[in-house]
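Enquirer: Start counting at 1 in the sequence shown, then tack on 455, and there's your number in the working numbering. A virtual CB, placed ideally from N, CA and C, is assigned to each residue, including glycine. Note that the structure is a prediction, hence the values are computed from the model and not measured.
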Amino acid sequence: MIKLNDYLYSGDTIFRILDKYIADLRKEAKRTHNAIDLTHCNFLLQIRGLLEHNDFLTAQSQQIREFYKYMAKEYPFLAFTFKGRIKSLIRAEAKFNGYIVEYIYDYYVERGTYPSVSEIKDRLSCFRDFIAYRIVISMPKCHYPNEEKRKAEELKCLYEIANVLPGFLEERGFTAESAYGVKISESSFMNEEVRPYYRDYISNQSANGYQSLHITFLIIHPEALWKFRFEQKQWTILQK
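Structural data, given as structure tokens:
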């Protein structure tokens, strides 16, 4: 079995590690006629491209940070954090493998049979969100002593920000991607024109209590296409 761990401690650069890993994985996949590993190789090539065009992605990230300035101006009374990260090679590899296993397991439980290679490849085509930003907001209790009113205003602000984000980034060259009907928002605070793009884990609460809004944007480079995923959520600041 070809595994990433076998290449990590060779002392090579990250590009040489990826090149060797991809070449060996592709060779083995062709020998064993393993279509999933061939798809895996294509996934790894996307990561390599991301690293290779780091300057371009850094420039795009600077445009995204303009939204931080917008929030600071429009919501001076709101406490918030704005963090971004590029998924590490090890993390991306682990998530890719876990994603395949989870999809095949869920598919089998639901249908009693295994998915075809084309179905797996189609499912994996959406797995390109290597770059993620998280916006976490909180309405300080000093503004709303009444907890119920504070939470209501905090939620309203969260959706207001979500309504503005797609148009703000599209003016800067990004394209919002459809949520493909997954967790479509049922909130009256969500504007109709942006509703198709969000996965709403607030109005569609999960069993584990997770609450967040997810949206993905595409950015096109002459040699590649990447996805930037945004997660927007609330948190409570404890104050005496």
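Comparing C-alpha positions only, which one of Q518, S642 and V556 sits nearest to L620?
Expert: Nearest C-alpha to L620: Q518.
Enquirer: In angstroms, rounded to a whole number, what distance separates the CA positions of E626 and F522?
Expert: Each residue's alpha carbon lies about 12 Å from the other.
Enquirer: Alpha carbon to alpha carbon, what distance is there between G466 and I643?
Expert: Sequence inspection shows Ser at residue 643; the Ile mentioned does not correspond to that position. About 55 Å.
Enquirer: Output the distance between the C-alpha atoms of G636 and H669, rounded to the nearest integer angstrom.
Expert: Those two C-alpha atoms are separated by around 13 Å.
Enquirer: Mind checking who D655 pairs with in its DSSP beta bridge?
Expert: Per DSSP, L668.
Enquirer: Looking at the structure shown, is L463 part of a helix, part of a strand, or coil, going by DSSP?
Expert: Residue state, collapsed to three classes: helix.
Enquirer: Report all residues from its chain with a CB closer than 6 Å to the CB of Q694; omit the five preceding and five following residues, and keep chain order.
Expert: Model confidence at Q694 stands at a pLDDT of 33, short of 50, so the residue's coordinates are unreliable; what they give is reported in the following sentence. The residues are K596.
Enquirer: For a test of the three-state rule: what should DSSP assign to E529, helix, strand or coil?
Expert: E529 falls in the helix class under three-state DSSP.
Enquirer: Would Y588 and F470 be called neighbours here (beta carbons separated by less than 8 Å)?
Expert: No.
Enquirer: Can you look up I457 in the DSSP assignment and give me helix, strand or coil?
Expert: Coil, per DSSP.
Enquirer: Roughly how many angstroms separate the alpha carbons of S667 and E565, rounded to a whole number?
Expert: Going from the Cα of S667 to the Cα of E565 covers about 27 Å.
Enquirer: Below 7 Å CB to CB, which residues in the same chain sit around N646 once its five sequence neighbours on both sides are set aside?
Expert: Answer for N646: N618, listed in chain order.
Enquirer: How long is the line joining the alpha carbons of F511 and S661, rounded to whole angstroms?
Expert: Each residue's Cα considered, the two are about 37 Å apart.
Enquirer: Taking DSSP as the reference, what is the three-state secondary structure of K627?
Expert: Correcting the residue type first, residue 627 is Arg in the shown sequence and not Lys. Of the three classes helix, strand and coil, the one that applies to R627 here is coil, per DSSP.
Enquirer: Just list the residues that DSSP pairs T536 with in beta bridges.
Expert: Per DSSP, V591.
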